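Heads up, the numbering used here is the position in the sequence shown plus 30, with the first residue counted as 1. Glycine included, each C-beta is placed from N, C-alpha and C at the ideal position. Fair warning: this is a prediction, and the values are worked out from it, not measured in the lab. Structure record follows, encoded as structure tokens.
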Amino acid sequence: PIIASIAGVNAAEFGKLAKVLSRTERIAAIEINLSCPNAPYSPRGRRACPNVQHGKRDFLIAQNESATRQIVEAARKAASLTIIAKLSPNVTDITRIAKAAEEAGADAVSLINTFIGMAVDIETKRPVLGNVTGGLSGPAIKPIALRMVRETYEKVKIPIIGIGGIMDYKDAVEFILCGASAIQVGTANFVNPRASIEIIEGVKKYMAKHKISGIKELTGALRK
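See the structure below:
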């Protein structure tokens with residue numbers, strides 16, 4: 031089975047993409063990317079990754095409850111497949127956005143996407159990135175991602191896919207304990223192409239060691 035990730039610039043585009051994928055063989059779910067920070071803004075709010083215009087200011091869809099609701103509803107109406115809303119950490123309270131996605135019909139939420147950051151070349155006195163800012167990922171964001179997953183787990187009833195600096199099975203177990211039913215691995219794949227396989231095997235061994243029968247038993251089992 032394949033989980034396809036989609037991005038658009040308005041509800042109609044998200045709906046169209048979801049409809050096409052719903053007719054595609056082997057697609058089991060659709061992750062709607064509401065939070066990509068890497069594409070450049072433009073005056074008309076047209077980006078490669080999703081945003082909407084609000085007055086004269088552009089913003090990521092996942093920074094706004096109403097916009098999140100609108101896009102999730104469009105995808106939900108267009109496809110009967112599992113809908114996963116990918117959320118941004120660049121917000122004051124991610125649980126409110128997660129709740130909006132849940133109420134709009136999302137079957138799950140994935141979090142977190144990358145933090146907006148930048149780097150500067152002191153010799154040229156210019157930003158290193160052509161877009162000025164870009165997404166910061168990797169181990170540095172894991173502690174914040176864990177906190178956001180835990181907070182969201184306490185507020186929504188739908189499953190959570192944990193993301194953010196997962197490099198080995200221990201990181202994966204941390205996310206599961208905080209409430210994730212599944213995880214995603216990104217940065218680690220660039221360091222070690224076998225990272226995902228090793229993480230799966232590591233989690234299996236951890237569960238066997240602690241006599242845990244399934245992921246559900248481990249999900250949200252963090253002790254206070």
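Judged by pairs of C-beta atoms under 8 Å, the stretch 117-137 touches the stretch 87-104, as three or more such pairs exist. Relative to Glu204, the option among Pro223, Phe220 and Arg180 whose CA is nearest is Arg180. When C-alpha distances from Arg177 are compared across Gly209, Arg156 and Glu153, the shortest belongs to Gly209. Apart from sequence neighbours up to five positions away, the residues of its chain that approach Thr125 with a beta-carbon distance below 6 Å are Glu181, Thr182 and Lys185, ordered along the chain. Boundaries of the alpha helix (DSSP H) harbouring Ile206: Tyr199 to Cys208, taken from the DSSP string. Contact between the stretch 108-121 and the stretch 33-49 is present: three or more C-beta pairs spanning the two stretches fall below 8 Å.
For Ser167 against Thr217, the beta-carbon gap comes to about 5 Å, under 8 Å, which counts as contact.
Closest by C-alpha distance to Ile171, out of Val158, Ala212 and Ser118, is Ser118.
Under DSSP, Leu141 shares a beta bridge with Gly192.
Using a 10 angstroms sphere on the CB of Ser65, the tally of other CB atoms reaches 16 or more, which defines it as buried.
Apart from sequence neighbours up to five positions away, the residues of its chain that approach Thr163 with a beta-carbon distance below 6 Å are Ile146 and Met148, ordered along the chain. In this model, Ser35 and Ala131 are separated by some 16 Å (Cα to Cα).
Looking at the DSSP output, Pro157 sits in a beta bridge with Val150. The beta carbons of Ile191 and Ile206 sit no closer together than 8 Å.
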